[in-house]
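Quick notes on the structure that follows.
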Amino acid sequence: MRRFFAAEAAFGDEVLEVRKFFNWIGISLGALLVIAFVALSVMAGGPKDALYMVRYALPHMHRGNLKVGDSAPDARIYALDGAETFHIRERTGAKPLVVIFGSFT
Amino acid sequence: MQIFNDYKDHADFLTVYVREAHPTDEWQMKSNVKDDVCYAQPRNLSDRLAIANDFIKRFKYPLPFGVDDMKNAANDAYAAWPERLYIIDENGKIVYRGGMGPFNYKPAEVRAWLAERYGEVKRVEANPAAH
Numbered sequence: 001m002r003r004f005f006a007a008e009a010a011f012g013d014e015v016l017e018v019r020k021f022f023n024w025i026g027i028s029l030g031a032l033l034v035i036a037f038v039a040l041s042v043m044a045g046g047p048k049d050a051l052y053m054v055r056y057a058l059p060h061m062h063r064g065n066l067k068v069g070d071s072a073p074d075a076r077i078y079a080l081d082g083a084e085t086f087h088i089r090e091r092t093g094a095k096p097l098v099v100i101f102g103s104f105t
Numbered sequence: 106m107q108i109f110n111d112y113k114d115h116a117d118f119l120t121v122y123v124r125e126a127h128p129t130d131e132w133q134m135k136s137n138v139k140d141d142v143c144y145a146q147p148r149n150l151s152d153r154l155a156i157a158n159d160f161i162k163r164f165k166y167p168l169p170f171g172v173d174d175m176k177n178a179a180n181d182a183y184a185a186w187p188e189r190l191y192i193i194d195e196n197g198k199i200v201y202r203g204g205m206g207p208f209n210y211k212p213a214e215v216r217a218w219l220a221e222r223y224g225e226v227k228r229v230e231a232n233p234a235a236h
């Protein structure tokens, strides 16, 4: 009987240790998330901006696979009247082509 | 703009309008409200063309210009969003690939590439008051 209680006590200590370990993991992850969110807020301009950045910007930001030396991909582009189209590669050949991608906002 | 003025005899330029970065229905910036640049994300080509035309008119933008299609084909091919710069040489090879904007959008690197190839060019705008 004494051996049984001794084993139970030892097991109970192990459970406590495991609980402590997971508590620390939880606290550390929580602290990391808070730090990351604060850093993102500073970078984006505010907490709301940080949320919007994660929601609307990050899904569209890609490094891409193109490298210097790769053949430039082609794509159809609309002229400003919307009626005519041309291809990026149609504009290459005579001189180097500087391509500027962007939007109004 | 100044790079275009300086190097337009040596290089061709093309601006491609891609999906909006900070539309009113997504992540709108206070600076855009202040500057009265408030547009919802275009849902069809005519909306996209309308914004592109507003941009051209507002800034009297002189560079050759085109608009990405609603499948965002150019954007996807070049990982262009929100803004990015490339130089394609006469053989159709990418010779300069800029970083992702806005933090790594660096027109100075384009100027440096052009300057290395064609030398430093700095055109001085004619002063209309002198005439």
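If you're matching them up, the sequences are chains L and D in order.
Note that the first sequence covers residues 1 to 105 in my numbering.
Note that the second sequence covers residues 106 to 236 in my numbering.
Glycine is no exception: its CB is placed at the ideal position from the N, C-alpha and C atoms.
Predicted model only: the values in this text are computed from it and were never measured.
List, in order along the chain, the chain L residues whose C-beta lies closer than 9 angstroms to that of D:Glu125?
Stepping through the second sequence from its first residue, residue 125 of chain D is reached at position 20. The contact set of D:Glu125 on chain L, defined by CB atoms closer than 9 angstroms, consists of Ser103, Phe104 and Thr105 in chain order.
Taking C-beta pairs closer than 7 angstroms, name the residues in chain L that D:Pro128 reaches, listed in chain order.
For this step, residue 128 of chain D is matched to residue 23 along the second sequence. Ordered by position in chain L, the residues that pass the 7 angstroms Cβ test against D:Pro128 are Thr105.
Start and end of the beta strand (DSSP E) containing L:Tyr52?
The residue labelled residue 52 of chain L in the question sits at position 52 within the first sequence. It is not in any beta strand (DSSP E) - L:Tyr52 instead sits in the alpha helix (DSSP H) that spans Pro47 to Tyr52.
Buried or exposed: where does L:Gly93 fall if 16 or more other Cβ atoms within 10 Å of its Cβ makes it buried?
Here the question's residue 93 of chain L lines up with position 93 in the first sequence. Using a 10 angstroms sphere on the CB of L:Gly93, the tally of other CB atoms stays under 16, which defines it as exposed.
Buried or exposed: which applies to D:Glu195, given that a residue is buried once 16 or more other Cβ atoms fall within 10 Å of its Cβ?
The residue given as residue 195 of chain D occupies position 90 in the second sequence. With fewer than 16 other Cβ atoms from the protein chains shown falling within 10 Å of its own Cβ, D:Glu195 counts as exposed.
Three-way DSSP call (helix, strand, coil) for D:Asp173 in this model
Reading the second sequence from its first residue, position 68 is the one you call residue 173 of chain D. Strand at D:Asp173.
Would DSSP call D:Pro233 helix, strand or coil?
Stepping through the second sequence from its first residue, residue 233 of chain D is reached at position 128. Per-residue confidence for D:Pro233 stands at a pLDDT of 49, beneath the threshold of 50, marking its modelled position as unreliable; the derived number appears in the next sentence. Annotated three-state conformation of D:Pro233 is helix, per DSSP.
Distance, D:Arg163 Cα to L:Val68 Cα:
Here residue 68 of chain L refers to the residue found at position 68 of the first sequence. Here residue 163 of chain D refers to the residue found at position 58 of the second sequence. So the alpha carbons of these two residues sit roughly 34 angstroms apart.
Just confirm the distance between the C-beta atoms of D:Asp174 and L:Arg76, as a whole number of angstroms; I'd bet it's less than 8 angstroms.
Here residue 174 of chain D corresponds to residue number 69 of the second sequence, with the count starting at 1. Here residue 76 of chain L corresponds to residue number 76 of the first sequence, with the count starting at 1. Right, their Cβ atoms sit about 6 angstroms apart.
Find the nearest neighbour of D:Pro167 within the set D:Ala220, D:Asp117 and D:Leu154, judged by alpha-carbon distance.
Taking the first residue of the second sequence as 1, we reach residue 167 of chain D at position 62. For D:Pro167, the nearest C-alpha among the options comes from D:Asp117.
Any C-beta of chain L under 9 angstroms from that of D:Ile142:
Position 37 of the second sequence holds residue 142 of chain D. Per the sequence shown, the amino acid found at residue 142 of chain D is Val instead of Ile. D:Val142 counts as touching chain L.
Just the chain D side, please: which residues come within less than 9 angstroms of L:Val68 by C-beta, in chain order?
In the first sequence, residue 68 of chain L corresponds to position 68, counting from 1. Chain D residues near L:Val68: Lys198, Ile199, Val200, Tyr201 and Arg202.
Which term fits D:Asn209, buried or exposed, when burial requires 16 or more other beta carbons within 10 angstroms of its beta carbon?
Working through the second sequence from its first residue, we reach residue 209 of chain D at position 104. Result: exposed.
DSSP-derived helix/strand/coil call for D:Tyr144
Numbered from 1 along the second sequence, position 39 holds the residue referred to as residue 144 of chain D. Here D:Tyr144 sits in coil by DSSP.
D:His127 and D:Leu219 - do their beta-carbons sit closer together than 9 angstroms?
To locate residue 219 of chain D, count along the second sequence from 1; it is residue 114. To locate residue 127 of chain D, count along the second sequence from 1; it is residue 22. Cβ distance not < 9 angstroms, so D:Leu219 and D:His127 don't count as in contact.
Any idea if D:Pro233 is buried or exposed, counting beta-carbon neighbours within 10 angstroms, 16 or more meaning buried?
As a position in the second sequence, residue 233 of chain D is number 128, starting the count at 1. With a pLDDT of 49 at D:Pro233, under the threshold of 50, the modelled position of this residue cannot be trusted, and the question is left open.
Here's a check: name, in chain order, each residue in its chain whose Cβ is nearer than 7 angstroms to the Cβ of D:Tyr112, leaving out the five neighbours to either side.
The count along the second sequence starts at 1 and reaches residue 112 of chain D at position 7. These residues qualify, in order along the chain: Leu219, Tyr223 and Val226.
Given this structure, state the Cα-to-Cα distance separating D:Ile161 from D:Lys198, to the nearest angstrom.
Along the second sequence, one-based indexing puts residue 161 of chain D at 56. Along the second sequence, one-based indexing puts residue 198 of chain D at 93. Note on geometry: alpha-carbon atoms of D:Ile161 and D:Lys198 lie some 29 angstroms from one another.
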